[in-house]
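Here our numbering = 1-based position in the sequence shown + 1. Ideal Cβ positions, reconstructed from N, Cα and C, are used throughout, including at glycine. Note sheet for the following structure.
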Amino acid sequence: MTASDTRERLLDAAERQFSERGYDGASLREITQAAEANLAAVSYHFGSKEDLFVAVVARRVQPINLERLRLLDQAEARAGERPLEVEAIVEAMIAPVLRSGADGPCVLRMVGRANSESAAPTRRVVEGPMREIRARVRRALRRALPHLNERELSYRMHFTMGVVKSVASDQHLLHAISDGQCDPQDLDGTIAQLVPFLAAGMRAPSVERKRRASARSRRS
Numbered sequence: 002m003t004a005s006d007t008r009e010r011l012l013d014a015a016e017r018q019f020s021e022r023g024y025d026g027a028s029l030r031e032i033t034q035a036a037e038a039n040l041a042a043v044s045y046h047f048g049s050k051e052d053l054f055v056a057v058v059a060r061r062v063q064p065i066n067l068e069r070l071r072l073l074d075q076a077e078a079r080a081g082e083r084p085l086e087v088e089a090i091v092e093a094m095i096a097p098v099l100r101s102g103a104d105g106p107c108v109l110r111m112v113g114r115a116n117s118e119s120a121a122p123t124r125r126v127v128e129g130p131m132r133e134i135r136a137r138v139r140r141a142l143r144r145a146l147p148h149l150n151e152r153e154l155s156y157r158m159h160f161t162m163g164v165v166k167s168v169a170s171d172q173h174l175l176h177a178i179s180d181g182q183c184d185p186q187d188l189d190g191t192i193a194q195l196v197p198f199l200a201a202g203m204r205a206p207s208v209e210r211k212r213r214a215s216a217r218s219r220r221s
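The following block contains the structure:
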């Protein structure tokens with residue numbers, strides 16, 4: 002049994018624990034027991050519980066982010082010197098998550114639940130496995146939506162991923178509210194509907210500009 006085997010077993014066991022019990026509820030002792038390893042193995046391969054959580058997320062996020070980067074590369078090649086279409090940026094953000102099968106919803110649930118319990122692990126994920134794609138998307142959006150400031154871009158990126166988490170986790174609800182007209186398994190159909198919906202929200206006028214204009218009007 003190699004060190005690599007032990008590492009993978011720890012990741013598998015930790016993923017089950019974090020998915021089922023959340024970050025706070027996951028027990029390193031139970032993780033190591035399930036992986037047939039000892040607590041020292043966690044320290045050796047990862048460091049701390051928080052480091053283990055980041056490694057679990059990174060393993061699932063890496064192929065998703067590689068696909069996102071590929072889609073952005075393609076969109077930039079088509080656009081040349083022009084800013085990217087907002088739809089192309091949104092599709093790169095959301096489509097790889099929805100198409101990733103069990104991995105995408107699993108990652109979203111783990112990170113979302115961890116964030117509701119403790120901000121530290123989520124911050125590590127955003128600054129670690131998500132750093133490159135987050136910066137790339139922000140640059141593209143900044144060029145495509147010059148009327149928005151950095152705060153508003155952050156809000157809209159956050160709202161977009163919140164919608165994706167809901168769609169990925171609650172596809173059965175789509176079938177129910179559509180009286181069976183919408184097929185939750187039709188990912189291409191879902192993405193085709195979701196991209197223009199989210200792009201319209203991204204393009205919405207600047208709320209902060211409107212508020213400042215309104216405040217100036219009241220003072221005058």
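CB contact flag (residue i, residue j, <8 Å)
i      : j      : result
VAL57  : GLU82  : no
ALA200 : VAL87  : yes
ARG110 : SER28  : no
ALA14  : LEU85  : no
ALA38  : LEU12  : no
ILE134 : LEU195 : no
ALA121 : GLU51  : yes
PRO97  : GLU128 : no
TYR24  : ARG114 : yes
VAL108 : THR123 : no
ALA42  : PRO130 : no
When the options are compared against residue i, the one with the closest alpha-carbon
i      : options                          : result
VAL165 : MET94, PRO84 and GLU77           : MET94
ARG204 : ARG143, LEU174, ALA4 and ARG8    : ARG143
GLU9   : PHE47, TYR24, GLU21 and MET162   : PHE47
ALA35  : THR7, ASP189 and GLN172          : THR7
GLU77  : VAL138, ARG124, LEU188 and ILE65 : VAL138
GLY26  : LEU99, VAL168, GLU118 and ALA41  : GLU118
ARG1   : LEU53, PHE198 and HIS173         : Not covered by the structure: residue 1. The range shown for the chain is 2 to 221.
ALA193 : LEU40, GLU92 and TYR24           : GLU92
SER20  : VAL168, ARG61 and ARG219         : ARG61
LEU99  : ALA89, ARG22, MET158 and VAL168  : VAL168
GLY102 : GLU31, GLY163, ILE65 and ARG132  : ILE65
Expected contact under 8 Å - CB spacing of residue i and residue j to nearest Å
i      : j      : result
SER215 : HIS148 : In fact, because the Cβ distance is near 16 Å, the residues do not count as touching under 8 Å.
GLU153 : GLU209 : 6 Å
LEU175 : CYS183 : 5 Å
GLY190 : ARG157 : So it is not a contact: roughly 24 Å between Cβ atoms.
Every unbroken alpha helix (DSSP H) within the stretch 119-170, with a cutoff of 4 residues, ordered by chain
Counting only runs of 4 or more, we get 120-128, 132-145 and 151-170.
Completely contained alpha helix (DSSP H) runs for the stretch 67-103, where each covers 4 or more residues
Qualifying alpha helix (DSSP H) stretches, in chain order: 87-100.
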